[in-house]
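K.L.:
In our numbering, the protein residues as written are 1 to 126. We treat Cβ as the ideally placed atom computed from N, Cα and C, and that holds for glycine.
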């Protein structure tokens, strides 16, 4: 009976040692898989980050380009606006000259009419 117990203890001990070894191997495998998974996840995250970074840089370049274009067109618009304002000012001056000439002509016409009336009166008197 004692031998049977010793044999059972020895078998149990061997099973326990094997189980511990298997446990250690499984832990190592889990750590390896975990590290591999972390590395793959980190790689995937880094790739996604790089894609987003490139996209952001592209958008920033587009914004910069559009800002430059907008500034250019705004400058052109300001120049065109200035030119139009100068044309308007020129037309206003022309209108002022024509109005002055018109007034002078109206004054001449008035004076001529008055002179004609005076002459008609003189003729009647004579």
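Grab the span of the alpha helix (DSSP H) containing residue 42 for me, first residue to last.
P.N.:
As a position in the chain shown, residue 42 is number 42, starting the count at 1. Element bounds for residue 42: 2–125.
K.L.:
Work out the CA separation of residue 103 and residue 117 for me, nearest whole Å.
P.N.:
On the chain shown, residue 117 is found 117 positions in, with the first residue counted as 1. On the chain shown, residue 103 is found 103 positions in, with the first residue counted as 1. Using only the alpha carbons, I get a separation of about 21 Å.
K.L.:
I need the straight-line Cα distance from residue 57 to residue 70, nearest angstrom please.
P.N.:
As a working note, residue 57 is residue 57 in the chain shown. As a working note, residue 70 is residue 70 in the chain shown. C-alpha separation (whole angstroms): 20 Å.
K.L.:
From residue 113 to residue 125, what distance separates their C-alpha atoms?
P.N.:
Stepping through the chain shown from its first residue, residue 113 is reached at position 113. Stepping through the chain shown from its first residue, residue 125 is reached at position 125. Rounded to the nearest angstrom, the two C-alpha atoms are 18 Å apart.
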